[in-house]
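All residue numbers for the sequence shown refer to the working numbering, where the first residue is 16 and numbers rise by one.
Following: one structure in structure tokens, then a few remarks.
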Amino acid sequence: MKVTKYPQSCLVIEKNGKRIIIDPGSLVSPKFSANELLPVDAILITHEHMDHADPGRIGELTRLSEAVVVGNQSTAKALGGTVNKVVSDGEKF
């Protein structure tokens, strides 16, 4: 497994040819383009604060890939349809 740290709380986890981006927030956007974060298979948003979830960047990443966007119900509501897999507390996925 390879883990790459980006500004604030953003991480990219790679394993077995799959890549997950966790919390691509507003502090990542000015420093790294969406293309620099690709390829991506999934985007996990831990909560809806801008420093964890930049809707513009998430939109770019999903336009450039077929990544599933995962978050809890409050994140899904705040991001207005960006989250396409809603998970509950304690749910394994």
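Note that beta-carbon positions come from the ideal geometry of N, C-alpha and C, so glycine has one too.
In the same chain as residue 23, and ignoring 5 residues on each side of it, the C-beta atoms closer than 6 Å to its own belong to 40, 42 and 66, in chain order. From the listed residues 89, 18 and 55, the smallest Cα separation to residue 73 is found for 55. With 16 or more neighbouring CB atoms inside 10 Å of its own CB, residue 69 falls in the buried class. For residue 51, the enclosing alpha helix (DSSP H) starts and ends at 49-52.
Selection 85, 51 and 30 evaluated against residue 107 yields 85 as nearest (Cα-Cα). Taking C-alpha positions only, residue 26 is separated from residue 95 by approximately 23 Å. Judged by DSSP secondary structure, residue 32 falls outside any beta strand (DSSP E); it is assigned neither H nor E. Looking at the DSSP output, residue 57 bridges to 35 and 83.
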